[in-house]
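Right, one structure below, let's go through it.
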Amino acid sequence: MKTLLSLVLLTVLTYGANFTLQSTDLAGQLISAQEFDGFGCTGKNISPALSWKDAPKGTKSFAITMYDKDAPTGSGWWHWSLFNIPASESKIVTNASRSELLPKGTVEGKNDYSTVGFGGACPPKNDGFHTYVFTVYALDIEKLDLDKNTNQAVVGYMINAHTIKKSSLVSYYKR
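Counting from 184, one number per residue, gives the positions in the sequence shown under our numbering.
Put into structure tokens, the structure is as follows:
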């Protein structure tokens, strides 16, 4: 029994059981600062601060996505993707998208608005609450061989193919 308990504890410590994503900008509801400025929305399109801790052993880089599973497209809506975030980093600061505030080497992908970088929430009016999932992925590879114009499905495929562990935050928004 003692050997089994030691093995479970070692497994928990080795694989980052407490890998956690946090934000000082996000809560249960997004605010106008995180709303897109376009497509009929008039928000500020400010990317939120995100931080993570307890990355699993073997993490060589991180990736982040923001996804709206409720978008009436049949396939959801990708609002943000970042990859090749160095393993030495543990945060993205407020309004870092499209700026020098991103960690060196980080690549922002094209969102479903067809722009590179953060594209805030902009659900159709009277469509109810949409679910926005922010996820950080601990990857087993230093760099994904992709660029900012890579199709979001390919970015997602490559992130998932190299994920050791992931952690998410969920917020909601409606217009």
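The beta-carbon is built from N, C-alpha and C at its ideal position, and this holds for glycine as well.
Just so it is clear, the structure is predicted and the values come from calculations on it, not from any experiment.
Legend entry - Straight-line Cα distance separating Thr346 from Tyr340: Residue 340 sits at position 157 when you count from the first residue of the sequence shown. Residue 346 sits at position 163 when you count from the first residue of the sequence shown. Those two C-alpha atoms are separated by around 10 Å.
Legend entry - Same chain only: Cβ atoms within 6 Å of Asp295, ignoring 5 sequence neighbours per side: The residue labelled residue 295 in the question sits at position 112 within the sequence shown. Contacts found: Trp260, Trp261.
Inset, instruction - Using a threshold of 9 Å, state whether the C-beta atoms of Thr248 and Ser264 are closer than that. - result: For the purposes of this step, residue 248 is taken as the residue at position 65 of the sequence shown. For the purposes of this step, residue 264 is taken as the residue at position 81 of the sequence shown. Yes; because the gap between Cβ atoms is below 9 Å, this pair is in contact.
Inset, instruction - Just mark Gln212 as buried or exposed, buried being the case when its beta carbon has 16 or more other beta carbons within 10 Å. - result: To locate residue 212, count along the sequence shown from 1; it is residue 29. It is exposed - the Cβ of Gln212 has fewer than 16 other Cβ atoms within 10 Å.
Legend entry - Start-to-end residues for the beta strand (DSSP E) that takes in Val319: Here residue 319 refers to the residue found at position 136 when the sequence shown is read from its first residue. Start and end: 313-322.
Inset, instruction - For my contact list, Asn228 and Asp220 are in at a C-beta cut-off of 8 Å; report their separation, rounded to the angstrom. - result: The count along the sequence shown starts at 1 and reaches residue 228 at position 45. The count along the sequence shown starts at 1 and reaches residue 220 at position 37. With 8 Å as the limit, Asn228 and Asp220 qualify as a contact, their Cβ atoms being about 5 Å apart.
Inset, instruction - Determine, using beta carbons only, whether Ala344 and Phe245 come nearer to each other than 9 Å. - result: The count along the sequence shown starts at 1 and reaches residue 344 at position 161. The count along the sequence shown starts at 1 and reaches residue 245 at position 62. No. Outside cutoff.
Inset, instruction - Find out if the Cβ-Cβ distance for the pair Trp235, Phe266 is shorter than 9 Å. - result: Here residue 235 is taken as the residue at index 52 of the sequence shown, counted from 1. Here residue 266 is taken as the residue at index 83 of the sequence shown, counted from 1. Result no, Cβ atoms of Trp235 and Phe266 do not sit closer than 9 Å.
Legend entry - Boundaries (first-last residue) of the alpha helix (DSSP H) holding Gln335: Looking up residue 335 in the sequence shown gives position 152. Residues 335-344.
Legend entry - Short Cβ contact (9 Å threshold) for Gly303 with Lys357: The sequence position of residue 303 within the sequence shown is 120, counting from 1. The sequence position of residue 357 within the sequence shown is 174, counting from 1. Taking 9 Å as the Cβ cut-off, Gly303 and Lys357 do not qualify as a contacting pair.
Legend entry - Other residues of its chain near Pro255: CB distance less than 8 Å, five sequence neighbours each side excluded: Looking up residue 255 in the sequence shown gives position 72. The answer, listed in chain order, is Pro307, Asp310.
Legend entry - Cβ-based neighbour list, Gly223, same chain, cut-off 8 Å, excluding 5 preceding and 5 following: Here residue 223 corresponds to residue number 40 of the sequence shown, with the count starting at 1. Counting only Cβ-Cβ distances below 8 Å, and skipping sequence neighbours, we find Cys305, Lys308.
Inset, instruction - Provide the residue(s) that pair with Ser234 in DSSP beta bridges, ordered along the chain. - result: To locate residue 234, count along the sequence shown from 1; it is residue 51. In DSSP, Ser234 forms a bridge with Gln205, Lys274.
Inset, instruction - Return the chain-ordered list of same chain residues with a C-beta closer than 6 Å to the C-beta of Val299, the five sequence neighbours on each side being excluded. - result: Locating residue 299 in the sequence shown gives position 116, counting from the first residue. Only Glu291, Lys293, Lys331 meet the Cβ criterion.
Legend entry - Nearest neighbour of Thr141, chosen from Tyr250, Ala232, Ser215 [CA to CA]: What the structure shows of the chain is the stretch from 184 to 358, and residue 141 is not part of that stretch, so it cannot be assessed.
Inset, instruction - Measure the Cβ-Cβ separation of Leu352 and Val338 and say whether it is below 9 Å. - result: Taking the first residue of the sequence shown as position 1, residue 352 is located at position 169. Taking the first residue of the sequence shown as position 1, residue 338 is located at position 155. No, the pair does not count as a contact, with Cβ atoms beyond the cut-off.
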